[in-house]
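Let me begin by presenting the structure, written as structure tokens, before commenting on it.
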Amino acid sequence: MTTGVRRRMGVEERRQQLIGVALELFARRSPDEVSIDDIAAAAGISRPLVYHYFPGKLSLYEAALKRASEDLAGRFAEPHEGPLGARLLRVMRRYFDFVDKHGPGFSALMRGGPAVPVGAAHSISHVSTTNALIDSVRQAAYEQILSHLTIADPPARLELVVRSWISLAESTALIWLDGRRIPREELEVQLVQNFAALMAVSAANDEELRKLLGPMLGDEPADGPFGNLVTRLIALAS
Numbered sequence: 002m003t004t005g006v007r008r009r010m011g012v013e014e015r016r017q018q019l020i021g022v023a024l025e026l027f028a029r030r031s032p033d034e035v036s037i038d039d040i041a042a043a044a045g046i047s048r049p050l051v052y053h054y055f056p057g058k059l060s061l062y063e064a065a066l067k068r069a070s071e072d073l074a075g076r077f078a079e080p081h082e083g084p085l086g087a088r089l090l091r092v093m094r095r096y097f098d099f100v101d102k103h104g105p106g107f108s109a110l111m112r113g114g115p116a117v118p119v120g121a122a123h124s125i126s127h128v129s130t131t132n133a134l135i136d137s138v139r140q141a142a143y144e145q146i147l148s149h150l151t152i153a154d155p156p157a158r159l160e161l162v163v164r165s166w167i168s169l170a171e172s173t174a175l176i177w178l179d180g181r182r183i184p185r186e187e188l189e190v191q192l193v194q195n196f197a198a199l200m201a202v203s204a205a206n207d208e209e210l211r212k213l214l215g216p217m218l219g220d221e222p223a224d225g226p227f228g229n230l231v232t233r234l235i236a237l238a239s
């Protein structure tokens, strides 16, 4: 007859476990509704032990946001294979997978406010930390999109298009979370088409962008998100 022995976790392993538990709770409830007691109970440890690894809820919350931001930034990584429209659609599907699963946490990350009551100095520090995490996600997305356009030094209008599109994806996801009134699959396609539309509008005013847009659209299949947009626009005009 054997008896089970509970394995003692190392410091870093326990910290990562608590971050994972916090993320799971933040995925279901707003972070300000989750207490240290909730996290301790879900992790199967005592409240004082949580404080042994994190000095307070704010530090645990920021650690959870950091992991979430790294996960979200990784959603933009995509192999350089196939038409650009199909690649962007796969990115948007992974992006909305994250948004769908981590709704309250995603909102907290993007809105940047403190999730727990803190003093003025700590609040400023927290907002600065959160803004840095958000900026890291946006920069990772920006660099990934440029890599798919095979452009290392983008002209000003192209930078504006890509960064505007990333902001559009964020705001669309936040609005969608408030009731999920539009099927996410439709929004994923719409955002990819928004990218093509933003590129087309800017290219109409910029010769350099026109030269970039031609080859980009040349490889797009008629049944892809870009080709589908063109078909719908022609139908609308007629």
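Be aware that the sequence shown starts at 2, since it is given in our numbering, and climbs by one per residue.
Just so you know, even glycine gets a beta-carbon here, dropped at the ideal spot from N, CA and C.
Residue i - DSSP class collapsed to helix/strand/coil
i	result
F227	helix
L150	coil
L19	helix
E221	coil
R112	helix
G106	helix
N195	helix
N206	coil
R182	coil
P216	helix
M10	coil
G57	coil
S172	helix
R30	coil
S129	helix
S239	coil
V119	Confidence in V119 is poor, its pLDDT being 46 and thus under 50, which makes the residue's placement unreliable; the coordinate value appears in the next sentence. Looking at V119 - three-state DSSP - the assignment turns out to be coil, as it is neither helix nor strand.
R233	helix
Boundaries of the alpha helix (DSSP H) in which residue i is found, first to last residue
i	result
A78	That residue, A78, is in no alpha helix (DSSP H); it is neither H nor E in DSSP.
H53	R48 to Y54
I40	I37 to A44
heavy atom of the ligand FMN below 7 Å from residue i C-beta
i	result
D98	Among the ligands in the structure shown, none appear at all, so the ligand FMN cannot be discussed.
Local Cβ density within 10 Å of residue i, reported as buried at 16 or more and exposed below that
i	result
T173	buried
I146	buried
A142	buried
V12	exposed
A122	Low per-residue confidence applies at A122: pLDDT is 46, beneath 50, and the placement is therefore not dependable, though the value from the model is reported in the following sentence. That one is exposed.
G225	buried
A23	buried
T151	exposed
G219	exposed
E189	buried
G86	buried
P216	exposed
V202	exposed
P155	buried
A238	exposed
K58	buried
L161	exposed
T131	buried
M105	Checking the sequence, you will find Pro at residue 105 rather than Met. Its Cβ being crowded by 16 or more others within 10 Å, P105 is buried.
I235	exposed
P222	exposed
A69	buried
Take every Cβ of the region 133-145, pair it with every Cβ of the region 72-89, and state whether three or more of those distances are shorter than 8 Å.
yes
Would you call the region 181-189 in contact with the region 77-84, where contact means no fewer than 3 C-beta pairs closer than 8 Å?
no
Answer yes if the region 193-202 comes into contact with the region 153-171, meaning at least three C-beta pairs across the two stretches below 8 Å, and no otherwise.
yes
Say whether the region 38-53 touches the region 82-100, bearing in mind that this needs 3 or more beta-carbon pairs closer than 8 Å, one atom from each stretch.
no
The region 86-105 in contact with the region 52-61 per 3-pair CB rule at 8 Å:
no
contact_flag[the region 128-135, the region 207-215] where n(CB pairs < 8 Å) is 3 or more
no
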